[in-house]
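Participant:
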Amino acid sequence: MSLVPRNELSEDTKNASEKLSLFMKQPGISEVLEWTFMYDKQSILDKTPYNTTFFDVIGGISYQEWKEQKITSEQLILGVNSKFTVWIHELEEIKNTLSTKETTSEKTILEYEGINFIIVWIQAARSATIIELEKSSKTPILTPHERQRFCWEVESGQEKLYGSKISENMEESIMSLDLLCREFSENGENLTWEQQKRFLDIYDNLKKKVEECWTGTNLETPDIHNFHKKPIPQHNFTKEVLEKIKNIKIPREIYMRLWQGYIDAMGLHQKVVSNPNASSIYDGPITLEVPDSSWYDNISLKRVLELMVHEIWAHYANQAISKQNDFSIRWAKNIEKEEGLAIVLEYLLEGKKLIDIKWPGYAFPYILAGEYLSKDERQDLVDLRLKMDGDKGDEGHRRDLRVMRGYPLDGPWSQRKDASYGRGVNKIVDLVTNGKCSLTDFYKGKFSIDDIASWRLDALISKEKIVFPLLFPEMLLFMAGVGRQEFTHERFMTYMQEKYAGDISEDDLNNIEVIKEFSKIKIFITMWRDIENYLPNPID
Numbered sequence: 002m003s004l005v006p007r008n009e010l011s012e013d014t015k016n017a018s019e020k021l022s023l024f025m026k027q028p029g030i031s032e033v034l035e036w037t038f039m040y041d042k043q044s045i046l047d048k049t050p051y052n053t054t055f056f057d058v059i060g061g062i063s064y065q066e067w068k069e070q071k072i073t074s075e076q077l078i079l080g081v082n083s084k085f086t087v088w089i090h091e092l093e094e095i096k097n098t099l100s101t102k103e104t105t106s107e108k109t110i111l112e113y114e115g116i117n118f119i120i121v122w123i124q125a126a127r128s129a130t131i132i133e134l135e136k137s138s139k140t141p142i143l144t145p146h147e148r149q150r151f152c153w154e155v156e157s158g159q160e161k162l163y164g165s166k167i168s169e170n171m172e173e174s175i176m177s178l179d180l181l182c183r184e185f186s187e188n189g190e191n192l193t194w195e196q197q198k199r200f201l202d203i204y205d206n207l208k209k210k211v212e213e214c215w216t217g218t219n220l221e222t223p224d225i226h227n228f229h230k231k232p233i234p235q236h237n238f239t240k241e242v243l244e245k246i247k248n249i250k251i252p253r254e255i256y257m258r259l260w261q262g263y264i265d266a267m268g269l270h271q272k273v274v275s276n277p278n279a280s281s282i283y284d285g286p287i288t289l290e291v292p293d294s295s296w297y298d299n300i301s302l303k304r305v306l307e308l309m310v311h312e313i314w315a316h317y318a319n320q321a322i323s324k325q326n327d328f329s330i331r332w333a334k335n336i337e338k339e340e341g342l343a344i345v346l347e348y349l350l351e352g353k354k355l356i357d358i359k360w361p362g363y364a365f366p367y368i369l370a371g372e373y374l375s376k377d378e379r380q381d382l383v384d385l386r387l388k389m390d391g392d393k394g395d396e397g398h399r400r401d402l403r404v405m406r407g408y409p410l411d412g413p414w415s416q417r418k419d420a421s422y423g424r425g426v427n428k429i430v431d432l433v434t435n436g437k438c439s440l441t442d443f444y445k446g447k448f449s450i451d452d453i454a455s456w457r458l459d460a461l462i463s464k465e466k467i468v469f470p471l472l473f474p475e476m477l478l479f480m481a482g483v484g485r486q487e488f489t490h491e492r493f494m495t496y497m498q499e500k501y502a503g504d505i506s507e508d509d510l511n512n513i514e515v516i517k518e519f520s521k522i523k524i525f526i527t528m529w530r531d532i533e534n535y536l537p538n539p540i541d
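For the sequence shown, the numbering used here assigns the number 2 to the initial residue and increments by one for each residue that follows.
(1) What residues in its chain sit with their C-beta under 6 Å from that of I336, if we drop five residues either side in the sequence?
(2) Which of the three DSSP states, helix, strand or coil, is assigned to N511?
(3) How many angstroms separate the CA atom of I167 from the CA atom of I72?
(4) So the alpha helix (DSSP H) K231 belongs to, where does it begin and stop?
(5) Using the beta-carbon count (16 or more within 10 Å), is G352 buried or exposed?
(6) Note down the Cα distance separating I526 from S294, rounded to an integer number of angstroms.
(7) For a quick check, are the C-beta atoms of A126 and E154 less than 8 Å apart?
(8) Using CA coordinates, which residue listed in I282, I120, E184, R485 is at the minimum distance from R386?
(9) Report yes if the C-beta distance between V273 and L289 is below 8 Å; otherwise report no.
(10) Taking DSSP as the reference, what is the three-state secondary structure of Y546?
(11) Tell me whether the beta-carbon of T441 lies closer than 8 Å to the beta-carbon of D509.
(12) What is the DSSP secondary structure of Y113, counted as helix, strand or coil?
(13) Give me the Cα-Cα distance between E173 and A321, rounded to the nearest whole angstrom.
(14) Name, in chain order, the residues that DSSP records as bridge partners for T288.
(15) Considering only residues of the same chain and omitting the five flanking positions on each side of H311, which have a CB-CB separation below 8 Å?
(16) Specify the secondary structure class of S449 as computed by DSSP and reduced to three states.
(17) In angstroms, rounded to a whole number, what distance separates the CA positions of G425 and L432?
(18) Indicate whether G578 and I264 have their beta-carbon atoms separated by less than 8 Å.
(19) Have a look at S83, M528, E94, L111 and flag the residue whose alpha-carbon is nearest the alpha-carbon of K447.
(20) Reducing DSSP to helix, strand and coil, say where N299 ends up.
(21) Taking 7 Å as the cut-off, is the C-beta of I526 nearer than that to any heavy atom in the ligand ATP?
(22) Straight-line CA distance for K231 to D357?
(23) If I measure Cβ to Cβ from I30 and keep anything under 8 Å in the same chain, skipping five residues before and after, which residues do I get?
(24) Compare the Cα-Cα distances from D392 to each of D452, W296, D451, I175 and report the closest residue.
(25) In three-state terms, what does DSSP make of K359?
(26) Give me the Cβ distance between K359 and Y163, rounded to the nearest whole Å; I'm assuming they're in contact under 8 Å.
(27) Measuring straight from C-alpha to C-alpha, what distance separates M528 and Q380?
(28) Straight-line CA distance for Y367 to E487?
(29) Going by DSSP, what residue range makes up the alpha helix (DSSP H) through I175?
(30) Does DSSP put I251 in a helix, a strand or coil?
(31) Can you name, in chain order, every residue of its own chain whose Cβ lies under 7 Å from the Cβ of M39, other than the five neighbours on each side?
(32) Going by C-alpha to C-alpha distance, which of G362, K108, E93 sits closest to L180?
(33) How many Å lie between K20 and I287 at the Cα?
(34) Tell me the rounded alpha-carbon separation between L207 and G80.
(35) Using only CA atoms, which one of T109, I462, I175 lies nearest to Q325?
(36) Please identify the residue among L471, Y444, D401, P470 whose C-alpha is closest to the C-alpha of D459.
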């Protein structure tokens, strides 16, 4: 039995990586793989339950032209299948260039598994695309049997890509109810009396469904009428600084320059750009895209720092490490790790401890509602949660479209990609607090949490190749508290050791590169000068 050396790439593996890279660059592939992504700007403006991307990429014609055509279900299904069948065949051919799993290195096995995940992704996207295209029609195109079959195919793909339903997990169901109680206790006064009553009725029905599902267990559901929120402790100095800067807004030109400076200082290649068609900030492989809308003209300084941590400290750093180690596949199962790590780092930036931040994820209640409730109840819950947050625009419509991506709007389904955020946080917290992993282990590249926890990557990615990113967001936050004159490296590191005690080891903290090169010092000074004029006086 021939074995490929562990630290060398076979010619087959090289060919597979190159072919896969070319495959992913084909027109339409990235858009189709994002069948779970945000609906585009046009659909939001029109309040229409479709994503126009699918018409351009799959239908090959504009939405307006599509809408006026009379099309049968056979034409719809054959039209979509013709594209997807070719794509799946190409992926199978790429996979066949690799050796069999029994006779290859760990790296080749990971490549093999990655291609299998992408095939599942494409298969789920095929069924979801047919449903998305049907949503545009004023009258049904698919038969009830066909629609049900495609829903089950999407569901099968979701199970493999994003895990089980929220309703099938007792802890996540309780977390969802707990989050709704917390939101109502904090912001319920933003609703009218009628809206409060509607929210409570929906909550009671959702709670009843959960209790019925878990009859005979030790389930304890929260009482929304007698709810007491458990406070989360924060590092004192960090809390004071965040309080001091909470009302500071940073203009688009300045915060985009800050992000670009951080990217440049870390030696990365992405460019920060405005995108008139984006509906949210998007960390693309080449560009960090900011929506060209008035909502993003000014962002709070706290959010600017959080996004530096989320998009650059977490996502782009891991992307660079994957590239450095010649792992070019965009892993279908890395979402939990990538988004979970990004959110964990945001919480740590706020001065919270790992043990206190197990989190349901904002999307958990929406997903649970999609699995249990009627269309009207789900849509009202979406609207009412956003009204409690102070939203007065079309966010509710946009959010509901996001919940139901790949499914008919009448349910009873919901996409679960957004559950990956909360699930990733909870898995990372458990692994680190139980001593099975360190935070720096999650900088081995864009792999799944299971791959990292199993240590299967250790033979491929040495600890020396793991780069824990520059701490510019923490440095800016600390300097905002003490002022430029009082900032020293020693004082900053003492602050970091105190703040991260028990969550990041002193050895890992001491090995973090703060500022060693003159060019990076210049970048940091420029970043500081960009925000200094917006800051109040230092904390005494």
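All C-beta atoms in this analysis are idealised placements derived from N, C-alpha and C, irrespective of residue type, glycine included. All values derive from a computational prediction rather than experimental measurement.
Facilitator: Inspection of the coordinates gives the following:
(1) These residues qualify, in order along the chain: S421.
(2) Assignment of N511 by DSSP, reduced to helix, strand and coil, places it in the helix class.
(3) Rounded to the nearest whole angstrom, the C-alpha separation of I167 and I72 is 36 Å.
(4) No alpha helix (DSSP H) contains K231, which DSSP labels as neither H nor E.
(5) Label assigned to G352: buried.
(6) Counting only the Cα atoms, S294 lies some 29 Å from I526.
(7) Contact: no.
(8) The option with the nearest alpha carbon to R386 is E184.
(9) Between V273 and L289, the C-beta spacing is below 8 Å.
(10) Lying outside 2 to 541, the shown extent of the chain, residue 546 is not represented and no answer is given.
(11) Taking 8 Å as the Cβ cut-off, T441 and D509 qualify as a contacting pair.
(12) Secondary structure of Y113 (DSSP, three-state): helix.
(13) When only Cα atoms are considered, E173 and A321 end up about 33 Å apart.
(14) In DSSP, T288 forms a bridge with K272.
(15) Spatial neighbours of H311 in its own chain (CB-CB distance under 8 Å, excluding positions within 5 residues in sequence) are listed in chain order as A343, I344, L346, E347.
(16) Residue state, collapsed to three classes: coil.
(17) The alpha-carbon atoms of G425 and L432 are separated by roughly 11 Å.
(18) A query on residue 578 cannot be resolved here, the shown segment of the chain reaching from 2 to 541 and no further.
(19) Selected option, being the one with the closest Cα: L111.
(20) DSSP, read as helix, strand or coil, puts N299 in strand.
(21) Only the bare structure without any ligand can be found here, which leaves the ligand ATP out of the picture.
(22) So the alpha carbons of these two residues sit roughly 10 Å apart.
(23) Around I30: F24, W88.
(24) Closest option to D392, judged by alpha-carbon separation, among D452, W296, D451, I175: W296.
(25) In the structure shown, K359 sits in coil (DSSP, three-state: anything other than H, G, I, E or B).
(26) Not a contact, Cβ separation roughly 19 Å.
(27) Take the alpha-carbon of M528 and the one of Q380: they are about 43 Å apart.
(28) If you take the alpha carbons of Y367 and E487, they lie about 46 Å apart.
(29) Per DSSP, I175 belongs to the alpha helix (DSSP H) from 171-188.
(30) DSSP places I251 in strand when its eight states are reduced to three.
(31) With a pLDDT of only 47 at M39, under 50, the local geometry of the prediction cannot be trusted, and the value read off the model is given with reservation. Excluding the 5 residues flanking it on each side, M39 has same chain C-beta neighbours closer than 7 Å at S280, S281, R403, in chain order.
(32) Nearest C-alpha to L180 among G362, K108, E93: G362.
(33) Cα to Cα, K20 sits roughly 19 Å from I287.
(34) Cα-Cα distance, rounded: 39 Å.
(35) Per the Cα distances, I462.
(36) The option with the nearest alpha carbon to D459 is Y444.
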